[in-house]
Amino acid sequence: MPGTNPRSARIAALIQRVIASSMESQLHDKRLQGVTITEVRVTNDMQIARVYWTFLGDQDKEEGQRKRAQQALNQAAKGKLRSLVGARAGLRLTPQLQFIYDEVPEEAHEIEDILAVAHKRDEELALAREQASYAGEADPYRHDDEAMDVADTDAEAASAGASGTEPGFGFGTESKLDEPGEPEPASESEQEGAEAGSSGDES
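Heads up: the sequence shown at position 180 corresponds to 179 in numbering that gives the first Met the number 0, and the numbers run straight through without jumps.
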């Protein structure tokens, strides 16, 4: 299993530096051009060092170049590269080197492409929303105060229709002919006649 203790982690980091520098200065193999060491994991017993690598090259020729690079790394792992690791790292027991192609960088690149497409699509949708205009009135929404005014007007109209009066004039519009009037004062002759009648009754 991969090392989890601090010592194996330090050895793994040291092996990664040695391999990376040795590939540039000691291993003059054209098949290794474009090879990058991404990570090294050493088992707790220091017996195996798994070296993860990736390849940057022409996509049209990448498959063939990657296979040739894998062959070159396997050959170096059993010969000169393992000797360089043991000497430069100062290890009494040099771990067995296993080179494994790292798929993570390719997957990360694909994810970045997907995110870039999604981001571009979001920008296009935002631009389309900004350029879009409402159909009809500039302000198609009725505000609360306007709605209340309209409701009051409708209520007055309905009340007026039920009572037969004009809206807003529901009071003080009845005819004065229907109202009882005050009695008119009696004339002098009427008053004298009334007094005479009352005197005759008393006698």
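Every residue gets a Cβ at the ideal spot worked out from N, C-alpha and C, and that includes glycine.
Judged by pairs of C-beta atoms under 8 Å, the stretch 8-25 touches the stretch 38-55, as three or more such pairs exist. Residues Val17 of the same chain have their beta carbon placed closer than 7 Å to that of Arg87, with the five preceding and five following residues left out of the count. As summarised for the stretch 64-128, the continuous alpha helix (DSSP H) elements at least 4 residues long and confined to that stretch are 79-88, given in chain order. Here the alpha carbon of Ala117 sits roughly 27 Å from the alpha carbon of Thr53.
Residues of the same chain with a CB within less than 8 Å of the CB of Asp101, apart from the 5 flanking positions on each side, are Thr37, Glu38, Tyr51, Trp52, Thr53 in chain order. With a threshold of 16 other beta carbon atoms within 10 Å, Val103 falls short and is exposed. DSSP places Ala48 in the strand class (E or B) of the three-state scheme. For Arg40, the enclosing beta strand (DSSP E) has its first and last residue at 34-41.
Comparing alpha-carbon positions, the option among Ala131, Gln74, Gln95, Gln64 lying closest to Gly33 turns out to be Gln64. Put simply, the backbone Cα of Gln46 is about 13 Å away from that of Val84. Gln95 counts as exposed, since fewer than 16 other beta carbons sit within 10 angstroms of its beta carbon. Nearest in C-alpha terms to Gln74, of all of Met22, Thr35, Leu90, Gln130, is Met22.
Going by beta carbons, Asp28 and Ala71 fall inside the 8 Å limit.
A Cβ-Cβ separation of about 12 Å leaves Lys79 out of contact with Leu31 under the 8 Å criterion.
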